[in-house]
Every structure is written in C-alpha cells, then in structure tokens.
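Numbering-wise (our numbering), the sequence shown opens with residue 615 and increments by one.
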Amino acid sequence: MNGRQARNRASGHRARVESALSAVRDAAPELLEERPAEGMELWRKGPAVFALPMLREAYPAELNNAIQTRRRAIFDCCCPCGAVMRVTRGGQTTMRHAGDCPASDEVLAELAAAAGVETRRRDG
Ligand SMILES: [Zn+2]
Numbered sequence: 615m616n617g618r619q620a621r622n623r624a625s626g627h628r629a630r631v632e633s634a635l636s637a638v639r640d641a642a643p644e645l646l647e648e649r650p651a652e653g654m655e656l657w658r659k660g661p662a663v664f665a666l667p668m669l670r671e672a673y674p675a676e677l678n679n680a681i682q683t684r685r686r687a688i689f690d691c692c693c694p695c696g697a698v699m700r701v702t703r704g705g706q707t708t709m710r711h712a713g714d715c716p717a718s719d720e721v722l723a724e725l726a727a728a729a730g731v732e733t734r735r736r737d738g
C-alpha cells in the first residue's frame, strides 16, 4: 500500500466513523427494555444500543445525580466534563470522562458502592 492508498483508507474510515456518530447524535433515544434485576435499561439511539443504569428512588441523591449525568451524556453524545462520544475502529461507541466526572465509571462505581448498590460493569 502506498501513502495515498493509506491516506484514502484512513479518510474512508474517518468518514464511516463520522457518519456513524452523526447517526447516533441525530437519533432520538428510544427505550428498548428495562432490566430491573440488573438495574439497567437498554436504549437505542440510531445504530447504537446503550445499557444505562436506572434511576431509583431508593438511591441517594448523589448517586441518582451521577446516573442522570451519565444518561444525559449518552443521550447528548457529550458531557459537561468535556468528554465527547467517539466510535472505535471496532464500531463501538466510547466516552472518556474526566477522572472526577460523576458520569465516569470510577465515580459511579464508588457512589454505588458507598450506597451499597451492586453494579455490573458494562461498556457504554
Ligand atoms: Zn463526563
């Protein structure tokens, strides 16, 4: 493969990623399934499906606020912490939140553990 072919291939990949991202961004979120036993909901947004933690009255406000921030970030495809949704080479969506962002895996897991809520780690 020469340089131009490599660049064309890379820009083809970028174009596919951009169109996948805009399809996710433009789509309205649609609730597919509730899994209360797992504390999860499955949402479709365009071509992507996300497993999101459920809000619960029994949770402390801090945990519900963090869950709400996480859900908003997924629905908006960006987060107040500056994280933006990206699509990996494998076609998975990913968001890298700031370390102290309440929507990050780490902070959510800490808040859940502090509240005695069992969580299963999931991507998304
Ligand atoms: Zn964030």
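We treat Cβ as the ideally placed atom computed from N, Cα and C, and that holds for glycine.
Note that the coordinates shown come from a computational prediction; the quantities given were computed from them, not determined experimentally.
I'd like to confirm the pairing. Which residues does DSSP put opposite residue i in its beta bridges?
i	result
Phe664	Trp657
Thr707	Val701
Cys692	Val698
Leu722	Leu722 is not bridged to any residue.
Leu645	Trp657
What did DSSP end up calling residue i once you bin it into helix, strand or coil?
i	result
Leu669	coil
Ala729	coil
Ala717	coil
Figure out for me which residue from the options has the closest Cα to the Cα of residue i.
i	options	result
Arg639	Asp714, Pro716, Val701	Val701
Val631	Glu724, Glu655, Thr708	Thr708
Leu645	Glu652, Ala629, Phe664	Phe664
Pro650	Cys715, Pro667, Gly617	Pro667
Ala726	Gln706, Ala641, Gly704, Tyr673	Tyr673
Ala675	Arg621, Ser625, Leu722, His627	Leu722
Measure the beta-carbon distance from residue i to residue j and round it to whole angstroms, keeping in mind my assumption that it falls under 8 Å.
i	j	result
Leu677	Val731	7 Å
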